[in-house]
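One line per chain: the protein sequences are A and B, in this order. Using this note's numbering, read the first sequence as starting at 1 and increasing by one per residue. Using this note's numbering, read the second sequence as starting at 257 and increasing by one per residue. Think of the CB as a built atom: it goes at the ideal place given N, C-alpha and C, for glycine as much as any other residue. Quick caveat, the model's predicted, so the values are computed rather than measured.
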Amino acid sequence: MTATGTYTPKPGAAPLPRMIAAQALLETKMLLRNGEQLLLTVVIPTLLLVLFSTVDIVDTGAGEAVDFLTPGVLALAVMSTAFTGQAIATGFERRYGVLKRLASSPLPRWGLMTAKTLSVLVTEVLQVILLTVIAFALGWSPQGSPVAVLLLLVLGTAAFSGLGLLMAGTLKAEATLAAANLVFLLLLVGGGVIVPLDKFPSGAQDVLGLLPISALSDGLRDVLQHGAGMPWGDLGILAVWAVAGLAAAGKLFRWE
Amino acid sequence: MRSEPVVQVQALVKRYGPKTAVDGLDLVARAGVTAVLGPNGAGKTTTVETCEGYRKPDSGTVRVLGLDPVRQSAALRPRIGVMLQSGGVYSGSRADEMLRHVAKLHAHPLDVDALIERLGLGSCGRTTYRRLSGGQQQRLALAMAVVGRPELVFLDEPTAGLDPQARRATWDLVRDLRADGVSVILTTHYMDEAEQLADDVAIIDAGRVIAQGSPEELCRGGAENTLRFSGRPGLDVGSLLKALPADCSAAELTPGSYRVVGKVDPQLLATVTSWCAQHGVMPEKISVERHTLEDVFLELTGKELRS
Numbered sequence: 001m002t003a004t005g006t007y008t009p010k011p012g013a014a015p016l017p018r019m020i021a022a023q024a025l026l027e028t029k030m031l032l033r034n035g036e037q038l039l040l041t042v043v044i045p046t047l048l049l050v051l052f053s054t055v056d057i058v059d060t061g062a063g064e065a066v067d068f069l070t071p072g073v074l075a076l077a078v079m080s081t082a083f084t085g086q087a088i089a090t091g092f093e094r095r096y097g098v099l100k101r102l103a104s105s106p107l108p109r110w111g112l113m114t115a116k117t118l119s120v121l122v123t124e125v126l127q128v129i130l131l132t133v134i135a136f137a138l139g140w141s142p143q144g145s146p147v148a149v150l151l152l153l154v155l156g157t158a159a160f161s162g163l164g165l166l167m168a169g170t171l172k173a174e175a176t177l178a179a180a181n182l183v184f185l186l187l188l189v190g191g192g193v194i195v196p197l198d199k200f201p202s203g204a205q206d207v208l209g210l211l212p213i214s215a216l217s218d219g220l221r222d223v224l225q226h227g228a229g230m231p232w233g234d235l236g237i238l239a240v241w242a243v244a245g246l247a248a249a250g251k252l253f254r255w256e
Numbered sequence: 257m258r259s260e261p262v263v264q265v266q267a268l269v270k271r272y273g274p275k276t277a278v279d280g281l282d283l284v285a286r287a288g289v290t291a292v293l294g295p296n297g298a299g300k301t302t303t304v305e306t307c308e309g310y311r312k313p314d315s316g317t318v319r320v321l322g323l324d325p326v327r328q329s330a331a332l333r334p335r336i337g338v339m340l341q342s343g344g345v346y347s348g349s350r351a352d353e354m355l356r357h358v359a360k361l362h363a364h365p366l367d368v369d370a371l372i373e374r375l376g377l378g379s380c381g382r383t384t385y386r387r388l389s390g391g392q393q394q395r396l397a398l399a400m401a402v403v404g405r406p407e408l409v410f411l412d413e414p415t416a417g418l419d420p421q422a423r424r425a426t427w428d429l430v431r432d433l434r435a436d437g438v439s440v441i442l443t444t445h446y447m448d449e450a451e452q453l454a455d456d457v458a459i460i461d462a463g464r465v466i467a468q469g470s471p472e473e474l475c476r477g478g479a480e481n482t483l484r485f486s487g488r489p490g491l492d493v494g495s496l497l498k499a500l501p502a503d504c505s506a507a508e509l510t511p512g513s514y515r516v517v518g519k520v521d522p523q524l525l526a527t528v529t530s531w532c533a534q535h536g537v538m539p540e541k542i543s544v545e546r547h548t549l550e551d552v553f554l555e556l557t558g559k560e561l562r563s
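Okay, structure coming up:
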């Protein structure tokens, strides 16, 4: 057969960077198109920041409310995207055979996970830009080192991604949807996001302080509100969650 | 088209818990279109998904384009196209968006716009996947399987639930793929689909291949065919029987309606018509009923395909 028809085979994988970029772009588009996801990642953090900064509902301690709230809301934004959003989206992709279909495409599995991470990071950058602009408008005056902040955000993302993927890869999609939203709500209240941890009884404080959301919001607050150096304790807690979560997800994740 | 096998399955066994889905299955598929035919639960999907690298055999070997689908998956995946039985698309994505995305994962994809036109997906517009009709979802999955210009395409029940027109469109595409040198493995429980499209048919039942061959071979093999004709009532059937080969039978079913059962070939037809000529009979409504794959399946398994 010398003649070339429309469908004459000419197989080949696209270059890896192109595949991963295309996948990350599509994942980000899907996320930004989804109304419920936007509610979690954009609307709720923004509302909390604006509402609690301008209306005196929660006693946020000495200093401006916005200086207490912004680090907490940034932590919440990371959790909403890396954990809740990623868990729900991935759970349904698994349920509807998207992960299965992509697994037989030229894109390797690690490439798909890399693209998912990129998509989470892009979303987080957009969230951080939006929230910091609003915070500045509300009179926020951040302190501390941007490097420490960046390190906290990256480790927080890793910790929440591991837990989100663990949930998405082991539970049914509906169970993931319910559980991820419930965890979001519980950690929003009990993770030092808008309610200072010292409002809780001291026994509970010790336990709550070990949660990834508490470590992230506490670390961000130490740096951004109090100008502390590297918050090693909080970074350590996040690192442990990240390693444990990602290892468990890597071992237990089921693709279909 | 008889070349190197594109798929070679030997003694494949696959169990899910206590249930044995595939039970020592042997299958060789060569270039062209191979239909894997069988009732629901026969092991068709498990077999195909093992070839696609989704499942690891419990025992036996599987080679696709000469490669191990699990261990050499990275080399195999760009060369095959996969259409799952259902799903596989982001529920919030549009048809053209998803197809363009899959095209981007390949080095030399087909022209996406032409493929969209060809499969009538242009009418999907900005509708997201979850709101597409079942037929549109099926055609999108088919498009995704071929857009990367693969050597071998796996289609798992590509026309299940399609209306006749959409079914025809799918069949036409499969024929074009074949003409352009793409090999196709398709599973189906539609007899006519296998008869229309396949160079080779493997009939699967209870996790094993129970017969394989071209549709003609399968329909000929062992099965007896029927010749019917009408004439004036009361012809001497005994005399007709004497003219026929020994393994044939003949009978007048209703007055004036005759049936000959046996190996119906051109010679038999000539024998019947010359007997009629000798007896001054004008045979009207002469017809030959070829055995269909449906009959073959029934004979082999004692089961209806679509139960």
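Give the single residue among the options whose Cα lies nearest to the Cα of residue i.
i: residue 163 of chain A; options: A/239, A/63, A/64; result: A/239
i: residue 445 of chain B; options: B/426, B/496, B/553; result: B/553
i: residue 362 of chain B; options: B/401, B/543, B/519, B/506; result: B/401
i: residue 496 of chain B; options: B/546, B/287, B/517; result: B/517
i: residue 388 of chain B; options: B/345, B/359, B/415; result: B/345
i: residue 484 of chain B; options: B/540, B/430, B/306, B/433; result: B/540
i: residue 103 of chain A; options: B/392, B/351, B/325; result: B/325
Closer than 8 Å, CB to CB, is residue i near chain A or not?
i: residue 548 of chain B; result: no
i: residue 446 of chain B; result: no
i: residue 495 of chain B; result: no
i: residue 490 of chain B; result: no
i: residue 292 of chain B; result: no
i: residue 513 of chain B; result: no
i: residue 360 of chain B; result: yes
i: residue 346 of chain B; result: yes
i: residue 563 of chain B; result: Any answer about residue 563 of chain B is weak, because its pLDDT of 45 lies below 50 and its placement is not dependable; what the coordinates show is given next. Cβ-Cβ to chain A under 8 Å: no for residue 563 of chain B.
i: residue 287 of chain B; result: no
i: residue 343 of chain B; result: yes
i: residue 438 of chain B; result: yes
i: residue 402 of chain B; result: yes
i: residue 399 of chain B; result: no
So, is the C-beta of residue i closer than 8 Å to a C-beta in chain B?
i: residue 117 of chain A; result: no
i: residue 68 of chain A; result: no
i: residue 107 of chain A; result: yes
i: residue 104 of chain A; result: yes
i: residue 174 of chain A; result: no
i: residue 52 of chain A; result: no
i: residue 253 of chain A; result: no
Roughly how far, in whole angstroms, is the beta-carbon of residue i from the beta-carbon of residue j, given that I think they are within contact range, below 8 Å?
i: residue 298 of chain B; j: residue 460 of chain B; result: 5 Å
i: residue 94 of chain A; j: residue 173 of chain A; result: 7 Å
i: residue 242 of chain A; j: residue 150 of chain A; result: With a Cβ gap of about 15 Å, residue 242 of chain A and residue 150 of chain A do not count as contacting.
i: residue 180 of chain A; j: residue 84 of chain A; result: 5 Å
i: residue 139 of chain A; j: residue 66 of chain A; result: 6 Å
i: residue 231 of chain A; j: residue 148 of chain A; result: 7 Å
i: residue 260 of chain A; j: residue 170 of chain A; result: The structure shown does not extend to residue 260 of chain A, since chain A is modelled only from 1 to 256, so the question has no answer here.
i: residue 143 of chain A; j: residue 227 of chain A; result: 3 Å
Considering just the uninterrupted stretch of the beta strand (DSSP E) at residue i, what are its terminal residues?
i: residue 281 of chain B; result: 275-286
i: residue 291 of chain B; result: 289-293
i: residue 459 of chain B; result: 456-461
i: residue 328 of chain B; result: Here residue 328 of chain B belongs to no beta strand (DSSP E), and DSSP marks it neither H nor E.
i: residue 410 of chain B; result: 408-412
i: residue 261 of chain B; result: 261-272
i: residue 485 of chain B; result: 481-486
i: residue 564 of chain B; result: A query on residue 564 of chain B cannot be resolved here, the shown segment of chain B reaching from 257 to 563 and no further.
i: residue 444 of chain B; result: 439-444
i: residue 506 of chain B; result: 505-510
i: residue 317 of chain B; result: 315-320
i: residue 542 of chain B; result: 540-545
Could you please give the first and the last residue of the uninterrupted alpha helix (DSSP H) stretch that includes residue i?
i: residue 33 of chain A; result: 16-33
i: residue 353 of chain B; result: 351-360
i: residue 217 of chain A; result: 212-224
i: residue 202 of chain A; result: 202-208
i: residue 468 of chain B; result: Per DSSP, residue 468 of chain B belongs to no alpha helix (DSSP H); it is in the beta strand (DSSP E), 464-469.
i: residue 337 of chain B; result: Taken as a continuous stretch (DSSP letters only), residue 337 of chain B belongs to no alpha helix (DSSP H), being part of the beta strand (DSSP E) at 336-339.
Please list, in chain order, the chain D residues whose beta carbon lies closer than 8 Å to that of residue i.
i: residue 340 of chain B; result: The structure shown contains no chain D; its protein chains are A and B.
Interfacial residues, the region 314-337 of chain B to chain A, with Cβ spacing under 8 Å: Within the region 314-337 of chain B, the qualifying residues are 330, 333, 334, 335, 336.
Interface positions of the region 405-432 of chain B facing chain A (Cβ-Cβ less than 8 Å), listed along the chain: 405, 406, 407, 432
Cβ-based contacts, 8 Å cut-off: residues of the region 297-310 of chain B near chain A: Taking 8 Å as the Cβ-Cβ cut-off against chain A, the residues of the region 297-310 of chain B that qualify are 308, 309, 310.
Selection of the region 111-143 of chain A by Cβ proximity to chain B, strictly under 8 Å: none
Contacting positions in the region 4-20 of chain A - beta carbon closer than 9 Å to chain B: 4, 5, 6, 7, 8, 9, 10, 11, 12, 13, 14, 15, 18, 19
Where the region 22-48 of chain A meets chain B: residues whose CB sits under 7 Å from a CB there: 22, 26, 30, 33, 34
Near-chain B residues of the region 66-94 of chain A (beta-carbon distance less than 8 Å), N- to C-terminal order: If the cut-off is 8 Å between Cβ atoms, the region 66-94 of chain A has 92, 93 near chain B.
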